Structures are given as C-alpha cells and as structure tokens.
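These notes are about the structure you will find just below.
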Amino acid sequence: MGSNRNDLSLVPTLVEETLRYESPLQMVFRKVMEDTEVSGTTIPKGSSVCALLGSANHDERKFPDAERFDLRRDSKRHVALGKGIHFCLGAPLGRLEARVALEELIPLLSAQDAIEPDPPMIDSYIVRGRSRLLFNEAQSAAAVSDAAQ
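Numbering-wise, the numbering used here comes out as the position in the sequence shown, counting from 1, plus 102.
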C-alpha cells in the first residue's frame, strides 16, 4: 500500500486487486454441454475445457496495464471467484475475512517485520498463493501491545 499504508479505506480495493492480480484459483475445468463456438472454433458437446482464470484476469483488453498492481484500478470485473452459475458461494465470506484480517494486520505489521521478503509459493498449478508468511515475533508483538493500549 506504500504511501497509503495507513489508509484502511483502501482495503476493499486491495482485496479486489489482489484477487485479480494473484487469482487464488488459476483454472477450472468444465464439460461442454452442447456444441459451442468460441472465436470461430467449434467445441463439440462432451468435450472438456479448461478456463484459465488467472490468465483472464491479466487480459489487457479488460484490464489496461494488467501486469501492474494498481489500487486505483476498478478490479470488480475480475473472474478470480468464477462467474455466473459457477460463481463461488463463499466469495462474500472470503472477501469479508480478507478485509477484516488486513484491517487488523496492516497497522501492526510492516515489511521490515517480514522474515522472508519473498516467501515460497504453494506448489500447484491450479491454486496460487504463498505457502507461508513469517514475521518477526518480537517486533510484531510490540506493535500488538502498543495497539492494545
């Protein structure tokens, strides 16, 4: 959040742009229920297809300068949580959990508290995320203590 670090009003935008930029679910598989044409190619009924959600969220036609993480971007059209009848039923809860966690953690933690500046990714081509986030306990505990007073 850089210079806007203490502006917690940006947290909902941070959640949406993070979902777009680092889509937690990278791909979904679907079965074609009837012959379908996509961009001039017929996909026969019964075929299996793979939709690359992470790639769709980096489509320059939908998100100009898509490779840049931008808190000023209108990211609401992302497909990180699916679309239509396949939209994630847990999306509102996931967004709420992310917002509450960030609103509580941002004031307490800083990049200097991070033990690993670039933690390892989960070893998966379907799901995307960090396998862990480690912070310096002493510095973070002091921040928690200060915040509680």
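Here a beta-carbon is modelled for each residue, glycine too, at the ideal position from N, C-alpha and C.
Since the structure is predicted, the reported quantities are computational estimates derived from the model, not experimental observations.
*Arg197: CB within 6 Å of a non-hydrogen atom of the ligand MG*: As far as ligands go, the structure on display features none, and thus does not contain the ligand MG.
*Could you pull out every residue in the same chain whose Cβ sits closer than 8 Å to the Cβ of Leu155, ignoring the five residues on either side in sequence?*
Stepping through the sequence shown from its first residue, residue 155 is reached at position 53. Hits under 8 Å: Ser125, Leu127, Gln128, Met129, Val130, Val181, Ala182 and Gly184.
*Which residue comes first and which comes last in the alpha helix (DSSP H) that contains Ser157?*
As a working note, residue 157 is residue 55 in the sequence shown. According to the DSSP assignment, Ser157 belongs to the alpha helix (DSSP H) that extends over Leu155 to Ala158.
*Status (buried if at least 16 other CB within 10 Å, exposed otherwise) for Leu195*: Mapped onto the sequence shown, residue 195 falls at position 93. Leu195 comes out exposed.
*Spatial distance of Lys178 from Gln214 (CA atoms)*: Position 76 of the sequence shown, counting from 1, holds the residue named residue 178. Position 112 of the sequence shown, counting from 1, holds the residue named residue 214. Straight-line Cα distance between these residues: approximately 31 Å.
*Arg163, enclosing alpha helix (DSSP H) - first and last residue*: Residue numbering aside, residue 163 sits at position 61 when the sequence shown is read from its first letter. Careful: Arg163 lies outside any alpha helix (DSSP H) and carries neither H nor E.
*Using 10 angstroms around the beta-carbon of Glu118, count the other beta-carbons present and answer buried if the total reaches 16, otherwise exposed.*
One-based indexing of the sequence shown puts residue 118 at position 16. Label assigned to Glu118: buried.
_Arg175 to Leu116 span [Cα, whole Å]_ = Along the sequence shown, one-based indexing puts residue 175 at 73. Along the sequence shown, one-based indexing puts residue 116 at 14. Arg175 and Leu116: Cα-Cα distance of roughly 10 Å.
*Report buried or exposed for Tyr123, applying the criterion of at least 16 other Cβ atoms within 10 angstroms of its Cβ.*
Reading the sequence shown from its first residue, position 21 is the one you call residue 123. Answer is buried; the Cβ neighbour count reaches 16.
*In the structure shown, what three-state DSSP assignment does Glu139 receive?*
Along the sequence shown, one-based indexing puts residue 139 at 37. Assigned with DSSP and collapsed to three states, Glu139 falls in strand.
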